[in-house]
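Protein chains in written order, with numbering that gives the first Met the number 0: chain A, 0 to 177; chain B, 0 to 177. Glycine included, C-beta positions come from ideal geometry on N, C-alpha and C. Quick caveat, the model's predicted, so the values are computed rather than measured.
Protein chains: 2
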Amino acid sequence: METLPPIARKFILHWGEMGVRWGINRTMAQIHALLFLSEEPLNAEVICGTLDLARSNVSVALKDLQGWGIIKLVHLTGDRRDHFESMKDVFEMFRAIAIERKRREVDPTLRLINDCLDDSGKPKASDAYVRERLESMKEFFELALNFTSQVERMSTPSLVRVAKMGDKALKLLGLMGG
Amino acid sequence: METLPPIARKFILHWGEMGVRWGINRTMAQIHALLFLSEEPLNAEVICGTLDLARSNVSVALKDLQGWGIIKLVHLTGDRRDHFESMKDVFEMFRAIAIERKRREVDPTLRLINDCLDDSGKPKASDAYVRERLESMKEFFELALNFTSQVERMSTPSLVRVAKMGDKALKLLGLMGG
DNA sequence: TTTACATTTCGTTCTTTTCCGAAATTTCCG
DNA sequence: CGGAAATTTCGGAAAAGAACGAAATGTAAA
Numbered sequence: 000m001e002t003l004p005p006i007a008r009k010f011i012l013h014w015g016e017m018g019v020r021w022g023i024n025r026t027m028a029q030i031h032a033l034l035f036l037s038e039e040p041l042n043a044e045v046i047c048g049t050l051d052l053a054r055s056n057v058s059v060a061l062k063d064l065q066g067w068g069i070i071k072l073v074h075l076t077g078d079r080r081d082h083f084e085s086m087k088d089v090f091e092m093f094r095a096i097a098i099e100r101k102r103r104e105v106d107p108t109l110r111l112i113n114d115c116l117d118d119s120g121k122p123k124a125s126d127a128y129v130r131e132r133l134e135s136m137k138e139f140f141e142l143a144l145n146f147t148s149q150v151e152r153m154s155t156p157s158l159v160r161v162a163k164m165g166d167k168a169l170k171l172l173g174l175m176g177g
Numbered sequence: 000m001e002t003l004p005p006i007a008r009k010f011i012l013h014w015g016e017m018g019v020r021w022g023i024n025r026t027m028a029q030i031h032a033l034l035f036l037s038e039e040p041l042n043a044e045v046i047c048g049t050l051d052l053a054r055s056n057v058s059v060a061l062k063d064l065q066g067w068g069i070i071k072l073v074h075l076t077g078d079r080r081d082h083f084e085s086m087k088d089v090f091e092m093f094r095a096i097a098i099e100r101k102r103r104e105v106d107p108t109l110r111l112i113n114d115c116l117d118d119s120g121k122p123k124a125s126d127a128y129v130r131e132r133l134e135s136m137k138e139f140f141e142l143a144l145n146f147t148s149q150v151e152r153m154s155t156p157s158l159v160r161v162a163k164m165g166d167k168a169l170k171l172l173g174l175m176g177g
């Protein structure tokens, strides 16, 4: 950590805290930040050394980060050790995270809501309100899901273009959607 | 908990787990789910009883949920105790959460990135790549921030309309944005 | 103002999660 | 194959976070 430029150190620490707030652990987020800021792929040894973590811990975190699809394993010629590099396009990176969170959390939630709604085979009167709330949540998730699946299909440059249009885009759609 | 319809119990439990995954604690998320599914506002006492939690714990969670702007305190005539009800419009609810997360996490991150970029007063050669990465992240966050601030200004019904257009909306914009 | 009820604060305990390090396994070069 | 290097697994220690409950504070009706 002391070997890093202060500017990098500061960011890595902050990124770690953000990780915690989003249900990712500190270590994983820090490793990700380190790789993101690193020009060359790093091996596990270097990561332990820099961030002062146990080797095993780093190993697990790297696996996990690969599962999120935001870092990938690369082999450097003449070096037996695995090296890792982060996605560098920030836009792509957040898109990958979003897709993965959808898969891990939104999809199961929608399934559960459907289960709840099916399950109550004999619709008791007391359930009426609960069912109504769940229906409305289901509707929301389905809409969101449908929308994001469209977004996934778009290329990053198109999305950036839309985002840059900002209010112009939304106004346009707001008017035409009527 | 045993007093609840099974359908509600199931959802509350799941919502609690989702909370954990998103950096919200289980208790808070469960209380939120309970209020969301409840037709009438509930008081703290009832919440403890139903979810089997300590009174103090519930008190803190309720404060916290109010801070997120997704539940609010209401007074029932003839009852001295505070009662709480959840926002019921799911769309509005997630919008409130998004706005709050932006305020708590995205804004500070952007500030930190700016700090990093300013701080390194004497731009050392070794910082060059790090600065470049931070710049690109800054660009992304600014774009996202700008976009969401536009979204915040839109009415919920307009947003729903846009979302329902799905790919049609995006295609339209994708074509026009060129 | 008193008093009874309601809420919050705060230090402690308990649970969960993270992290470590030794041992086992895998990989791949000779 | 044999063996050195690298990685992963796994049980337990350490740290962090959540939840408790007693005491303090606040509140509003009498």
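Sheet register partners of residue i (DSSP bridge)
i                      : result
residue 139 of chain B : According to DSSP, which records beta bridges pairwise, residue 139 of chain B is partnered with nothing at all.
residue 185 of chain A : Only positions 0 to 177 of chain A appear in this structure, which leaves residue 185 of chain A out of reach.
residue 85 of chain B  : B:70
residue 42 of chain A  : A:82
Chain-ordered chain A contacts of residue i [CB-CB under 7 Å]
i                      : result
residue 149 of chain B : 165, 166, 169
residue 104 of chain B : 17, 20
residue 146 of chain B : 162, 165
residue 135 of chain B : 89
Amino acids of chain B, ordered along the chain, whose beta-carbon sits closer than 7 Å to that of residue i
i                      : result
residue 74 of chain A  : Going along chain B, no residue has its Cβ under 7 Å from residue 74 of chain A, so there is no contact; the nearest lies around 22 Å.
residue 58 of chain A  : Correct list: empty, because the minimum Cβ distance to chain B is about 23 Å.
residue 181 of chain A : Here chain A covers residues 0 to 177 and nothing more, so residue 181 of chain A does not appear.
Through-space distance from residue j to residue i, alpha-carbon basis
i                      : j                      : result
residue 110 of chain B : residue 117 of chain B : 10 Å
residue 126 of chain A : residue 81 of chain B  : 25 Å
residue 64 of chain B  : residue 73 of chain B  : 14 Å
residue 129 of chain A : residue 6 of chain B   : 8 Å
residue 60 of chain B  : residue 172 of chain B : 42 Å
residue 84 of chain A  : residue 143 of chain B : 24 Å
residue 150 of chain A : residue 136 of chain A : 21 Å
residue 2 of chain B   : residue 33 of chain B  : 12 Å
residue 160 of chain A : residue 94 of chain A  : 15 Å
residue 22 of chain B  : residue 69 of chain A  : 20 Å
residue 86 of chain B  : residue 35 of chain B  : 7 Å
residue 31 of chain A  : residue 99 of chain B  : 25 Å
residue 153 of chain B : residue 75 of chain B  : 33 Å
residue 38 of chain A  : residue 89 of chain A  : 15 Å
residue 124 of chain B : residue 71 of chain A  : 27 Å
residue 57 of chain B  : residue 48 of chain B  : 10 Å
residue 180 of chain A : residue 145 of chain B : The question about residue 180 of chain A has no answer, for chain A in this structure spans 0 to 177.
residue 12 of chain B  : residue 104 of chain B : 26 Å
residue 132 of chain B : residue 102 of chain A : 28 Å
residue 114 of chain A : residue 16 of chain B  : 17 Å
residue 46 of chain B  : residue 52 of chain B  : 8 Å
residue 138 of chain B : residue 96 of chain B  : 23 Å
residue 167 of chain B : residue 141 of chain B : 26 Å
residue 158 of chain A : residue 40 of chain B  : 42 Å
residue 170 of chain B : residue 66 of chain A  : 31 Å
residue 4 of chain A   : residue 50 of chain A  : 13 Å
Chain B contact residues for residue i, given Cβ-Cβ distances below 8 Å
i                      : result
residue 132 of chain A : 35, 36, 87
residue 123 of chain A : 4
residue 47 of chain A  : Result: empty, since nearest Cβ-Cβ is about 20 Å, beyond 8 Å.
Nonlocal neighbours in the same chain, by C-beta distance under 7 Å from residue i, ignoring five residues either side
i                      : result
residue 177 of chain B : Since pLDDT at residue 177 of chain B reaches only 46, below the 50 mark, its modelled position is unreliable, and the value read off the structure follows with that caveat. Cβ within range, chain order: n/a, list empty.
residue 42 of chain B  : 80, 81, 82
residue 8 of chain A   : 0
residue 108 of chain A : 140
Neighbouring residues, chain A, relative to residue i (Cβ below 8 Å)
i                      : result
residue 139 of chain B : 89, 90, 93
residue 180 of chain B : Lying outside 0 to 177, the shown extent of chain B, residue 180 of chain B is not represented and no answer is given.
residue 182 of chain B : Not covered by the structure: residue 182 of chain B. The range shown for chain B is 0 to 177.
Own chain partners of residue i with C-beta closer than 8 Å, once the 5 adjacent residues on each side are dropped
i                      : result
residue 134 of chain A : 116
residue 91 of chain B  : 155
Element boundaries [alpha helix (DSSP H), containing residue i]
i                      : result
residue 179 of chain A : Examination of residue 179 of chain A is not possible in this model, given that chain A is present from 0 through 177 alone.
residue 101 of chain A : Segment: none, residue 101 of chain A is in no alpha helix (DSSP H) and carries neither H nor E.
residue 112 of chain A : 106 to 118
residue 16 of chain A  : 5 to 20
residue 75 of chain B  : Per DSSP, residue 75 of chain B belongs to no alpha helix (DSSP H) and is neither H nor E.
residue 27 of chain A  : 25 to 36
heavy atom of the ligand HEM below 8 Å from residue i C-beta
i                      : result
residue 114 of chain B : Absence of the ligand HEM from the depicted structure is noted, as is the absence of any ligand whatsoever, leaving it without description.
Residues that residue i contacts on chain B, provided the C-beta gap is smaller than 9 Å
i                      : result
residue 108 of chain A : 13, 14, 17
residue 118 of chain A : 5, 6, 9
Neighbourhood of residue i by C-beta distance below 6 Å, restricted to the same chain and skipping five residues each side
i                     : result
residue 19 of chain A : 25
residue 14 of chain A : 28, 32
residue 44 of chain A : none
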